[in-house]
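Working notes, beginning with the structure itself.
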Amino acid sequence: MTHGQPFASVKQKTLRHPVAYVGIGLHCGRKVSMVVHPAEPDTGIHFLRKDLSASEGLIAARWHNIVDTEMSTAIGNEYGHSIDTVEHLMAALRGCGVDNALVEVDGPEVPIMDGSSEPFVAMIERIGTQIQDVPRNAIWIQRPVEVRAGDRYVILMPANTPRITVEIDFDHVMVGSQMLSVELVDEAFRQQVARARTFGFMNQVEALKKRGLIKGGSLRNAILVDGDRIVNENGLRYRDEFVRHKVLDCLGDLSLAGAPILGHYYAYKPGHELNRRLMQKLFAARDAWFYITVNEFNALIGQHGQGLKPPRQSVVGMLRKQAVC
2 MTHGQPFASV
12 KQKTLRHPVA
22 YVGIGLHCGR
32 KVSMVVHPAE
42 PDTGIHFLRK
52 DLSASEGLIA
62 ARWHNIVDTE
72 MSTAIGNEYG
82 HSIDTVEHLM
92 AALRGCGVDN
102 ALVEVDGPEV
112 PIMDGSSEPF
122 VAMIERIGTQ
132 IQDVPRNAIW
142 IQRPVEVRAG
152 DRYVILMPAN
162 TPRITVEIDF
172 DHVMVGSQML
182 SVELVDEAFR
192 QQVARARTFG
202 FMNQVEALKK
212 RGLIKGGSLR
222 NAILVDGDRI
232 VNENGLRYRD
242 EFVRHKVLDC
252 LGDLSLAGAP
262 ILGHYYAYKP
272 GHELNRRLMQ
282 KLFAARDAWF
292 YITVNEFNAL
302 IGQHGQGLKP
312 PRQSVVGMLR
322 KQAVC
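Next comes the structure, spelled out in structure tokens:
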């Protein structure tokens, strides 16, 4: 793959073999077993609750199925069943280029593992992925779409490679203001984002537990900040691990779009609810995006280089007609 290409494959990919994980649910506190299976082309990512009947336990990993965004992202179905904390696994699947998978879980939550995407990525890389003989699609942003809440905001802007830029600003000496911009090409996710863990503050732990949250939280799966120190014995994995984890979270949320997003996501103090609202606004604005196959996109880049502007849909249609002829 040439350095700087946004996609490693012009065709869809799935896992080569099933891969199993066992861990604790961050919020439910229960032991959870999970198996990620290969899936057919054009099926996307689905979760299947094995503790429920097959007819009621299937949940599509799509933004319009988001049912809760407090402290994590949960998706649900028409039967009222849900699966919580999907964002770290979704980020890993997107970062590894997996388009189609069936995720079987024997409980209401994806296991938190070590609080990052690293355990998911490591196992996916170990068993490998398989190219499927179906074109890979992307969602190409055509104009800016923005959502604000007070001084916080999230924006999707046109770009010719997928990029995530996040700035955080915590009134805390150990975190403070941090900013990171990652062009999600080549090994960027694996090298810059995947190992960043979720984090919390000692002075908030008891209040969160009283609300029924973070029952499974521990130093094995989160960074804990107490005053001017990191409680974890081995400290941070990155100097700016906090903002790197926010990039991971945002990628996981954006992966619920159903296809990779070709655009620049820019956020100041982002959160799961802002990301949900951003996708809702994006897909309601039909002139702000369109689907394009990676082959079609590469053809346009080949003609126009990085100065390429998002074209009218008629241009893409013409390319499709030429490909058929």
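Going by the numbering used here, the first residue of the sequence shown is number 2, and it counts up by one from there. Virtual Cβ for every residue (Gly too), placed ideally from N, Cα, C. Note that this is a predicted model, so its numbers are computed, not measured.
Of the residues the options, which one's Cα is nearest the Cα of residue i?
i      : options                           : result
Val176 : Leu157, Gly201, Ala195 and Ala189 : Gly201
Arg144 : Glu297, Gly303 and Ala289         : Ala289
Val11  : Ile132, Met91, Phe171 and Gly24   : Ile132
Arg153 : Thr70, Gly272, Leu255 and Leu214  : Gly272
Ala55  : Leu103, Lys216, Lys32 and Asn296  : Leu103
His173 : Arg196, Asp187, Gln205 and Val186 : Gln205
Arg198 : Glu184, Asn233, Leu209 and Ala189 : Asn233
Val135 : Val295, His38 and Met124          : Val295
Ala40  : Leu94, Thr70, Asn101 and Glu71    : Asn101
Ser1   : Gln281, Thr70 and Pro112          : Residue 1 falls outside the range modelled here, since the chain spans only 2 to 326, and no answer is possible.
Met124 : His38, Pro42 and Cys29            : His38
Phe298 : Ile142, Phe190, Arg191 and Leu209 : Ile142
Gly45  : Gly30, Arg95, Glu110 and Thr74    : Arg95
Leu283 : Gly30, Pro159, Ala150 and Arg137  : Pro159
Let me know the secondary structure DSSP gives residue i once reduced to three states.
i      : result
Glu234 : coil
Ser89  : One point to set straight first is that residue 89 is His, not Ser, in the sequence displayed. Residue state, collapsed to three classes: helix.
Lys32  : strand
Asp254 : helix
Phe171 : coil
Asn222 : coil
Gln13  : strand
Asp134 : strand
Glu147 : strand
Ala139 : strand
Asp100 : coil
Asp288 : helix
Pro271 : coil
Pro19  : coil
Gly108 : coil
Val37  : strand
Please list, in chain order, all residues of the same chain as residue i whose beta carbon is under 6 Å from its beta carbon, the five residues on each side excluded.
i      : result
Asn78  : Ile60
Asp250 : Glu88
Leu255 : Ile262
Asp107 : Ser34, Lys51 and Asp52
Val226 : Met175 and Phe202
Ala92  : Ser118, Leu249, Leu252 and Gly253
Lys247 : Val167 and Ile169
Gly116 : Arg198, Thr199, Asn222 and Ala223
Pro120 : Met114
Check this for me: beta carbons of residue i and residue j, under 8 Å apart or not?
i      : j      : result
His82  : Glu57  : yes
Asp1   : Gln179 : A question about residue 1 goes unanswered here, because the residues of the chain that appear run from 2 up to 326.
Asn161 : Ile302 : yes
Val36  : Glu105 : yes
Val20  : Lys32  : no
Leu157 : Tyr266 : yes
Ile169 : Val122 : no
Asn276 : Val155 : yes
Ile140 : Ala260 : yes
Ile215 : His28  : yes
Can you give the beta carbon distance from residue i to residue j, rounded, assuming they're within the 8 Å contact cut?
i      : j      : result
Ile165 : Leu252 : 6 Å
Met114 : Asn222 : 7 Å
Gly26  : Gly213 : Wrong, their Cβ atoms sit about 12 Å apart, outside the cutoff.
Excluding the five sequence neighbours on either side, which residues of its own chain have a C-beta within less than 8 Å of the C-beta of residue i, listed in chain order?
i      : result
Thr130 : Lys14, Thr15, Leu16, Arg17, Cys97, Gly98 and Val99
Ile76  : Phe48, Ile60, Ala61, Ala62, Arg63, Asn66, Ile67, Val68, Ser83, Ile84, Val87 and Leu257
Asp237 : Checking the sequence shown, residue 237 turns out to be Leu, not Asp. Here the set comprises Ile224 and Ile231.
Excluding five sequence neighbours on each side, which residues of the same chain lie with their C-beta closer than 7 Å to the C-beta of residue i?
i      : result
Ser182 : Arg164 and Thr166
Ala286 : Val146
Ser315 : Confidence in Ser315 is poor, its pLDDT being 43 and thus under 50, which makes the residue's placement too unreliable to answer from.
Glu274 : Thr70
Pro42  : Gln13, Asn101, Gln133 and Val135
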